[in-house]
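A quick write-up on the structure given underneath.
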Amino acid sequence: MSFSPPGAGRRQRVVRSNYRLLGLIGQGQFGKVYCAIHRKSGKLVALKSLDRYRLSTQQFLRELRFLLSLRHPNIVSCQALEHTARGRYLVMDYCPGGTFRDLLEEEQCIVQWSHGIQLLGEVLKGLAHAHAQKIIHCDIKPENILLDPTPKGWVARISDFGIAHVIQEEGSGDSGSPAYMAPERFYGQYHLSSDLYAVGIMLFELLVGERPFSGTPSELRIAHLNQPPHIPEFVPPELAQVLQKSLKKLPGQRFQSAQTMGDALAAAAKSLGFDEEGEAASKSLSSYFQKPDAIPPLESLPEPIATLKFPSQLTGLLISPLDPEGLEVYGASGQTLFHQSYIGESIRERQNLVLSESPTQIAGTAGGVLVSTHQGLYWWTGKTQGAEKLGQWKNRGDRHLYLNPEQRWFMVGIPGSEHQLYIGSLNSSRRPKMLRSLTPTGQYDRAFLLDTVGRGILMGDREGYTWIQGINRRSQILGELQVPVRLRSCQLTCKPYRIAGFEADSPHLIFLDLKPYRLRRFYLPIQPTAMTSFSWGYALSGEGIIVMLDTEGRLVGQFRDEGDPPRALRSLRDHQLVIWRETPAETIVKVWDVHTLNLDMIF
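Just add 14 to the spot in the sequence shown (first one is 1) and you have the numbering used here.
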């Protein structure tokens, strides 16, 4: 703890917090919740700020007592109490996967549904532990179920015991969330099955896509007290039986323990072909859950607005827009760099440059291209007869170039090694400048510069997880963060501080937000191999299909992709999709206007 207790006749001495806030992650009834990092250990925690004007000291100590008495894998634990000049905080476990509400709001599919049933089973395990301690949560709802990411999915953890009650304790009115409150709760009565009723509402919402009752708090009260829930016919009978019993109006007619309800839910899931880890064993189950009108049809791509062909395979290719509707192309083939300008599909300008060795990578900037070779780094504007050498390497290797989104900084290094990385600055009116170097503490395979002051990250893989090391503006390596999944094909997105990548060996798209740290997982109908991002969403390719997603990972279109698998996807002008393909004899680049695609969204 980071406070000194007041003594007789002495003023309380408040010291600086042991934690540094990284960002707001939630807003509760009695305060805010922040992602924070311990200043010495680098461990991530959740700091729950408790407003002293909304939450009395008695209520504060009450929640603290509940949290300290509950230790279970499916309940968020309290680690410490923190007093600072700004207020008082509960130091809680940090769950970067968001909430069960986030899962409910994603596009419904069989894999998410099966995992949702598994997560509700874990909620019931946590409630069984709390009920054994004679504690009734009283506010079970999707927002209070936090998700911890694991290589196999999520782990559900119950949070927010702010209005919990002890069995046989007198009630204090109808506090809680009316949409999830059992009928007796509106009269200030509390039963163990009140929590199970709330789990039943969440199960209904998972299976049907909406809650059984809606309206104002007054209308919800009347519905919970008098209206029987209507369970649609598409809900499997095994799960419908669990719903019917959990949503009975009288507490004595419901499941009498969380263990009993959990066993019934597990038996129903098993009879439907779900294993204990939430995986669907039978594809035929999609007939129960997937609504045909919710899945965009598989269409053919229209004719591209531009097709560019090059008579060889390319080491690198950069395409940028050229006003009003032209394209500017930089490429590398063998030891030759070329620069071409197109209006329509006609070449307006061409410039070639032959180097003494083959480029390993090229990266585009506002004023030209950076070219990395085994020997050094070069700068070429595309209009000069020669390339300017910016530096020479001590160690040979296939170096990669990384630029920050605003193209003000660049970094160059050898992935898979522990050789030095070099950082430089870019300015549209002057030549690039090499500034400093840094030495990684492990074998990274990806690197990103994140913002305008040169902060970045290094990423690498170990068995079962991906690690991230931060780089500050002085090119110093900060602490290490372990992401509990393995990521591949990562790239920066249009949203600041967001990395998108594919989960290894799984058809999942991962959003990794770094400020504050959060991990989101989206199921994809394909095994993706390439991706690009727009301000409005993402385009991915794999298995002969192009998939389009909005910014929240929802499927808005899918198209047949005929031809060889793309080497890469690119975005131009935020409304043009570029697909780069290669054959043994040539490189073909096609450009589509996204506005002409039949996407289920408004631009």
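Built from N, CA and C at the ideal position, the CB exists for glycine as well.
9 Å Cβ cutoff, residue i in contact with chain C
i    : result
P165 : Judged by its chain identifiers, the structure shown contains no chain C, having just a single protein chain.
Whole-Å CB distance - residue i paired with residue j, under 8 Å assumed
i    : j    : result
L261 : G214 : 5 Å
G345 : L331 : 5 Å
W393 : P446 : 6 Å
S191 : E198 : With 8 Å as the limit, S191 and E198 do not qualify as a contact, their Cβ atoms being about 15 Å apart.
E517 : V499 : 5 Å
Y531 : L58  : 6 Å
I150 : I181 : 6 Å
R115 : E157 : 5 Å
C508 : S547 : 5 Å
N- and C-terminal bounds of the alpha helix (DSSP H) containing residue i
i    : result
A254 : P251 to S260
N240 : P231 to N240
I215 : L206 to V222
F667 : Only positions 15 to 617 of the chain appear in the structure, and residue 667 is not among them; the question remains open.
K284 : A272 to S285
Counted within 10 angstroms of its Cβ, other Cβ atoms place residue i as buried (16 or more) or exposed
i    : result
P246 : exposed
F248 : exposed
L206 : buried
Q483 : buried
N418 : buried
A146 : exposed
R85  : exposed
Y201 : exposed
H522 : buried
L279 : buried
N88  : buried
D614 : exposed
R100 : exposed
S296 : Confidence at S296 is low in this model, with a pLDDT of 40, below 50, so the placement of that residue is unreliable and no value is reported for it.
W423 : buried
I616 : exposed
Start-to-end residues for the beta strand (DSSP E) that takes in residue i
i    : result
S547 : A544 to S547
P163 : I159 to T164
E557 : E557 -> no beta strand (DSSP E), and no H or E assigned at all.
V570 : L569 to R574
Q93  : C92 to T98
S370 : First-last for S370: undefined, no H or E at that position.
F617 : Per DSSP, F617 belongs to no beta strand (DSSP E) and is neither H nor E.
Q41  : Y33 to Q41
E198 : Neither: E198 is in no beta strand (DSSP E) and is coded neither H nor E.
C49  : K46 to H52
Q147 : Counting along the chain, Q147 falls outside any beta strand (DSSP E), and DSSP gives it neither H nor E.
F618 : Outside the modelled stretch of the chain, which goes from 15 to 617, sits residue 618, for which no answer is possible.
Q505 : L501 to L506
R512 : R512 to E517
V14  : With the chain running from 15 to 617 in the structure shown, residue 14 is simply not present.
Beta-bridge pairing of residue i - partner residues as DSSP gives them
i    : result
W423 : S439
Y344 : L332 and H353
V605 : A320 and V592
R377 : Note that residue 377 corresponds to Ala in the displayed sequence, not to Arg. Answer is L384.
R364 : Q354
W393 : L384 and E402
G474 : W481
W168 : P163
R532 : D527
S585 : L591
E313 : F573
E494 : Q483
I181 : BP columns for I181 are empty, so no partner.
L417 : F424
V137 : DSSP lists no partner for V137.
Would you call the region 504-517 and the region 459-470 in contact, with 3 or more CB pairs under 8 Å?
yes
I want to know whether the region 532-548 touches the region 112-120 - three or more CB-CB distances under 8 Å.
yes
Check whether the region 354-364 and the region 377-390 touch, using three or more Cβ-Cβ pairs below 8 Å as the test.
no
contact_flag[the region 393-408, the region 376-383] where n(CB pairs < 8 Å) is 3 or more
yes
Closer than 8 Å is the cut-off here; do at least three beta carbon pairs connect the region 540-549 with the region 93-101?
no
How about the region 311-324 and the region 368-377: do they share at least three Cβ pairs that are nearer than 8 Å?
no
Is the region 104-115 touching the region 232-245, taking contact as three or more C-beta pairs under 8 Å?
no
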